[in-house]
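Residue numbers (the numbering used here), protein chains in the order written: chain A, 2 to 364; chain B, 2 to 364.
Even for Gly, the Cβ is constructed at its ideal location relative to N, Cα and C.
Please read these numbers as outputs of a predicted model, since none were measured by experiment.
Reviewing the structure listed below.
Protein chains: 2
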Amino acid sequence: MHISELDTPALLVDVDVMERNLVRAAEYAREHNLRLRPHTKTHKIPALGRRQLELGAAGLTVAKVGEAEVMAASGTPDLLVAYPIVGARKLQRLMALAARVHITVAVDNICTALQVSQLAQLAGQRVGILAEVDVGLGRVGVTPDQAAGLAVELARLPGLEFEGIAFYPGHIKKMDEAGEAELARVNQVLAGVLDSVRRAGLEPRVVSGGSTPALYSSHLVAGMNEIRPGTYIFNDKNTVVASACEWQDCAASVLCTVVSTAVKDQIVVDGGSKTFSSDRLGGGDGIGFGRIVEAPGAVFTKMNEEHGYIDVRNAERRFNIGETVRIIPNHVCAAVNLHEQIYGIRGEEVVETWKVEGRGKLQ
Amino acid sequence: MHISELDTPALLVDVDVMERNLVRAAEYAREHNLRLRPHTKTHKIPALGRRQLELGAAGLTVAKVGEAEVMAASGTPDLLVAYPIVGARKLQRLMALAARVHITVAVDNICTALQVSQLAQLAGQRVGILAEVDVGLGRVGVTPDQAAGLAVELARLPGLEFEGIAFYPGHIKKMDEAGEAELARVNQVLAGVLDSVRRAGLEPRVVSGGSTPALYSSHLVAGMNEIRPGTYIFNDKNTVVASACEWQDCAASVLCTVVSTAVKDQIVVDGGSKTFSSDRLGGGDGIGFGRIVEAPGAVFTKMNEEHGYIDVRNAERRFNIGETVRIIPNHVCAAVNLHEQIYGIRGEEVVETWKVEGRGKLQ
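Structural data, given as structure tokens:
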């Protein structure tokens, strides 16, 4: 099928670019002896998780129990739930899954750990546990000086296997001078954490971190032995603005149709916040909701739910009603979550259709 | 079922508040002899469309063909597709629907109208058509001076029934002094448009406009005889900030669980942009992603996909891990689109579960 036969808006993924992205990260991880455990929230598709495993990923990462349930179909040997799972019903579902695939969870407090321990015991399961440490993002995770204390408590709890430390350097948006300085700081914090945990008599077998913007600097973080990038499979405008890839490494774009040219110097396309998400650009000049592939000089200035406003004053070409444009989203993970399916393309041919099976799994 | 038995995040709708919102708008429309044709993109649920019709709505509005297909199940006698439908496949689907329910489409150019005309003829259907005019939003719609020309062209096309004029005053965010001045300007523009259309020998039977922020000023727009508010069924933080309702008129909130309290003066809840959308506040101080019902002094400062960061420094109470909070979203339409179902509540009892059948209908 030719892409012109697709109803728009449609999320396209160039399968060759995706494959290149996957291979590059896998080779990097292998070269530096890092376990690659991709975060699958970017694609939410078991078949793509399977491809990541085939190329050398050691396991997969998810955020929610519903995502874990979906991603188990990839055949992964283990799943890291890199999110605090709170509540008996969710933990029960997770324990049911633990009968089929090794589960590890990251926690930042003893209350949550006790809940996990209790449900693991009731289910007769043994669950891996990581102590989540805040290395500067200020989201979840204990402070570095609390890490060893938490680790000791975790290691004592029945039903749990203390595996190590988790952290997320999501505050590093770009590996420029400031980013490198921040990474050095993370490095220093982490060294202190690992030292304190070891002094407490525990060996953190897993030291799990990593993100897409800092992916190819991961070998500079001493002691980290596992990385969990997500976005790298597709990349997006944020990744380019972070200088973590080039435009030609962006595998995903949204095919949209021009539906109005009534307002001067503007086209309106049939994709807005319901298609792309309203995530702003997280770096650079912060302007725009995506890159127009056919005319990078055009600016995606504004969105409503179904309307994308594109300023074409500096566009390289004109667009008529009914013509299509491809737009690289600011944040591809958020865009994927809005689509029922993704179309794998090679050139202008649709060669795959994947259902986004993990879409909208909020619980 | 008690709401504490729901897995979070869960979208709750207070059915009594919703009913009051529906009745109020229906009574207002009746009193002022306005046809009420609610935009169903806010709820995306046929059963709620049916309730709107029972309370006096004359028909329903949708944006996409996929939404029209879903909303036909409400039993509505007619559907207005208030969005430019471009492309043969979509129009074919729309014509299939036109065999069951009267369809009206709004267009802002002759190319789109020709496509609709052609497919209507092929299907042996007669479709209502409205000339879309831009009254200041700058999104879609011909300029006011082009309206009569477009109307004349539409009226000539076979398969189409010229019904009148459509416009959307979405640039009026608040009925304050500036909003009232803008509404007066819309009024003036509209008078000119209607006059020019009539002078061209056509009677615009339908003059369709309206939005939630300006809903209760609709009777001040001379010549407008149909209103299409959407958000009014649930209301949201944007509606309150627009002074178009009070907090107690907000029927919808998202029940979230506190999953981390590790960072000082902050709680993290299990709903972020994948649960609420990342839509900013469209007025007021522009700060925050929603209102914490239990502690309005808390500030929902930041989001990632699954994490909501809430600054609790000025919160009226403390929150522990595992406790739930209800959060009124900035933009409820965008939030609804992210949920598989909505729970109707009365007090703390879940009395209804609605599947969001029109969710994610992008095409």
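Check: According to DSSP, residues forming a beta bridge with B/Phe301; Outcome: B/Ile311
Check: Beta-carbon proximity list for B/Thr9, same chain, < 7 Å, skipping 5 on both sides; Outcome: Leu256, Cys257, Thr258, Asp271, Thr325
Check: N- and C-terminal bounds of the beta strand (DSSP E) containing A/Val128; Outcome: 128-133
Check: Beta carbon proximity, A/Lys65 to chain B, threshold 9 Å; Outcome: yes
Check: Spatial distance of B/Ile46 from B/Ser75 (CA atoms); Outcome: 8 Å
Check: beta-carbon A/Glu183 near the ligand NAP non-hydrogen atom, thresh 8 Å; Outcome: In terms of ligand content, the structure shown is empty, and the ligand NAP therefore cannot be addressed.
Check: For B/Pro170, three-class secondary structure by DSSP; Outcome: coil
Check: For A/Arg360, the nearest candidate out of A/Gln122, A/Arg51, A/Glu68, A/Met19 (CA to CA); Outcome: A/Glu68
Check: Chain B contact for A/His340 (CB, 9 Å cutoff); Outcome: yes
Check: Enclosing beta strand (DSSP E) for A/Gly345 [first to last residue]; Outcome: 342-347
Check: Amino acids of chain B, ordered along the chain, whose beta-carbon sits closer than 7 Å to that of A/Ala263; Outcome: Asp109, Asn110, Asp135, Val141, Gly142, Val143
Check: Nonlocal neighbours in the same chain, by C-beta distance under 8 Å from B/Glu247, ignoring five residues either side; Outcome: Val241
Check: Short CB-CB distance (under 9 Å) between A/Arg360 and chain B; Outcome: yes
Check: CA-to-CA distance, B/Leu203 to A/Val269, given in whole angstroms; Outcome: 29 Å
Check: Distance, A/Ile234 Cα to A/Arg94 Cα; Outcome: 28 Å
Check: Closest residue to A/Val207 among A/Pro214, A/Ser254, A/Gly224 (Cα-Cα distance); Outcome: A/Gly224
Check: Contact set between the segment 272-283 of chain A and chain B, restricted to residues whose Cβ is under 8 Å from the partner; Outcome: Gly272, Ser274, Lys275, Thr276, Ser278, Ser279, Asp280, Arg281
Check: Same chain, Cβ closer than 8 Å to A/Val24, neighbours up to 5 away in sequence not counted; Outcome: Leu56
Check: 9 Å Cβ cutoff met for A/Val357 and A/His340; Outcome: yes
Check: Beta-carbon gap between B/Ser261 and A/Pro145 smaller than 9 Å; Outcome: no
Check: Cutoff 9 Å: A/Glu28 Cβ touching any chain B Cβ; Outcome: no
Check: Residue environment, B/Arg38, which counts as buried when at least 16 other CB atoms sit within 10 Å; Outcome: buried
Check: Anticipated Cβ contact below 8 Å, B/Gln126 with B/Gly88, distance rounded; Outcome: Not confirmed; about 17 Å, so no contact.
Check: Short CB-CB distance (under 9 Å) between B/Ala335 and chain A; Outcome: yes
Check: Range covered by the alpha helix (DSSP H) that runs through A/Thr276; Outcome: 274-277
Check: Beta-carbon proximity of A/Gly165 to A/Pro205, cut-off 9 Å; Outcome: yes
Check: The alpha helix (DSSP H) enclosing A/Val333, as first and last residue numbers; Outcome: 333-337
Check: Endpoints, beta strand (DSSP E) assigned at A/Gly291; Outcome: 291-293
Check: Nearest neighbour of B/Lys362, chosen from A/Val351, A/Asp286, A/Arg31, A/Asn338 [CA to CA]; Outcome: A/Asn338
Check: Test item: CB-CB of A/Asn34 and A/Asn188 under 9 Å; Outcome: no
Check: Unbroken stretches of the alpha helix (DSSP H), 4 residues or longer, contained in the segment 49-101 of chain A; Outcome: 66-72, 89-99
Check: Cβ neighbour criterion (16 or more within 10 Å) applied to A/Ala299; Outcome: buried
Check: Chain A within 9 Å of B/Lys91, Cβ atoms only; Outcome: yes
Check: Run of the alpha helix (DSSP H) containing A/Lys175, from where it starts to where it stops; Outcome: Note, A/Lys175: premise wrong, no alpha helix (DSSP H); not H, not E.
Check: Continuous alpha helix (DSSP H) stretch holding A/Ala148: start and end; Outcome: 148-157
Check: 8 Å contact criterion, which B/Leu92 and B/Leu61 should meet: CB distance rounded; Outcome: The pair is not a contact, with the Cβ atoms about 19 Å apart (cut-off 8 Å).
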